[in-house]
Amino acid sequence: MRKRLIVGNWKLHKTASEAVAFVYRLSALAQATDDVEVVLAPPFTALQAAAQAELPAFPFALGAQNLFWEDKGAFTGEVSAPMLKELGCRYVILGHSERRRIFGEQDEGINKKVQAALRHVLRPILCIGETLTEREAGQTDRIVTHQLLRGLEGVAGESLAAVAIAYEPVWAIGTGQAASADQATAVHRTLRKVLAERWNARDAEPVRILYGGSVTPENAGQFLAAPEIDGALVGGACLDPQSFATIITSARARQG
Ligand code: 13P
1 MRKRLIVGNW KLHKTASEAV AFVYRLSALA QATDDVEVVL APPFTALQAA AQAELPAFPF
61 ALGAQNLFWE DKGAFTGEVS APMLKELGCR YVILGHSERR RIFGEQDEGI NKKVQAALRH
121 VLRPILCIGE TLTEREAGQT DRIVTHQLLR GLEGVAGESL AAVAIAYEPV WAIGTGQAAS
181 ADQATAVHRT LRKVLAERWN ARDAEPVRIL YGGSVTPENA GQFLAAPEID GALVGGACLD
241 PQSFATIITS ARARQG
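Per the working numbering, the sequence shown starts with residue 1, numbered consecutively.
Okay, here's the thing in structure tokens:
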């Protein structure tokens, strides 16, 4: 049984002091549990503060929102896997559609980032998803399969367990127009089949496939009730401690 994974992608929100306040508030609202893993992914500048604010009563893992594939060198403005490891990060979100669209990231570079993360024992959360035009043209499966296989190129079967995939349809991100649980389920089935065909069913089995795109406290339960959906990558609704705590509780309810 795959452990549910609930990830809060803070994007460009919250200073270090706001992050500390958020962690204390969240830990008062959300209950510790062994059956759901919670990841907070603040901006780089708040990682250390969030790590230090971690309370034993509410364990969470820390995630970064990006990294650069080289460990060090003349790469002004970049942050590497060893730097994130030392701050206590266990996860890193890679290939988010905002990075693809606004910052021009492409599959080849995203693949190098996935490899760098795995080399340094950081768990990549590889984001993939189609645009509305692609969905309307019936291209969803082709696009997500391509992004999945290109993003994971060269990854050994035994490393797959460390990888999570986030299916985030671009048209659902920040729009309030979440995919339906049925739409997400269909894509998740395709993704797991592709993983099993490219590697094998045993290596594909532990990979967690999350849904992201306008997940809210109101709709989270619908996604998390589906056996194919192993968790959620939450944007807007993770910024409010009460909303995020409610989403975490939805994942717990699904478990039992
Ligand atoms: P929203 O939940 O705000 O739609 O964002 C989703 C997302 O991009 C998470 O990575």
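We put the CB at the ideal spot given by N, CA and C, even for glycine.
Since the model is a prediction, treat every value here as computed from it, not as a measurement.
Simplified DSSP assignment, three categories, for residue i
| i | result |
| --- | --- |
| residue 215 | coil |
| residue 258 | This structure cannot speak to residue 258, because the chain is shown only from 1 to 256. |
| residue 241 | helix |
| residue 58 | strand |
| residue 46 | helix |
| residue 236 | helix |
| residue 2 | coil |
| residue 64 | strand |
| residue 231 | strand |
| residue 87 | coil |
| residue 12 | coil |
Neighbourhood of residue i by C-beta distance below 7 Å, restricted to the same chain and skipping five residues each side
| i | result |
| --- | --- |
| residue 22 | 14, 241 |
| residue 120 | 81, 82, 85 |
| residue 178 | 172, 213, 214, 215, 219 |
Alpha carbon of residue i to alpha carbon of residue j, nearest angstrom
| i | j | result |
| --- | --- | --- |
| residue 224 | residue 115 | 29 Å |
| residue 156 | residue 44 | 29 Å |
| residue 188 | residue 42 | 26 Å |
| residue 127 | residue 57 | 30 Å |
| residue 107 | residue 153 | 10 Å |
| residue 110 | residue 133 | 23 Å |
CB contact below 7 Å: residue i versus chain C
| i | result |
| --- | --- |
| residue 72 | The chain labelled as chain C is not found in the depicted structure, where only one protein chain is given. |
Residue i and residue j closer than 7 Å at C-beta
| i | j | result |
| --- | --- | --- |
| residue 210 | residue 204 | no |
| residue 65 | residue 93 | yes |
| residue 89 | residue 62 | yes |
| residue 50 | residue 40 | yes |
| residue 248 | residue 30 | yes |
Own chain residues within Cβ distance below 8 Å of residue i, not counting five before or after
| i | result |
| --- | --- |
| residue 158 | 203 |
Q.
Report the start-end ranges of each beta strand (DSSP E) in the segment 155–185 that is 3 residues or longer and not cut off at the edges.
A. 164–167
Q. Which runs of the beta strand (DSSP E) spanning at least 3 residues fall entirely within the segment 100–154, listed in chain order?
A. As far as the segment 100–154 is concerned, its whole beta strand (DSSP E) runs of at least 3 residues are 123–128.
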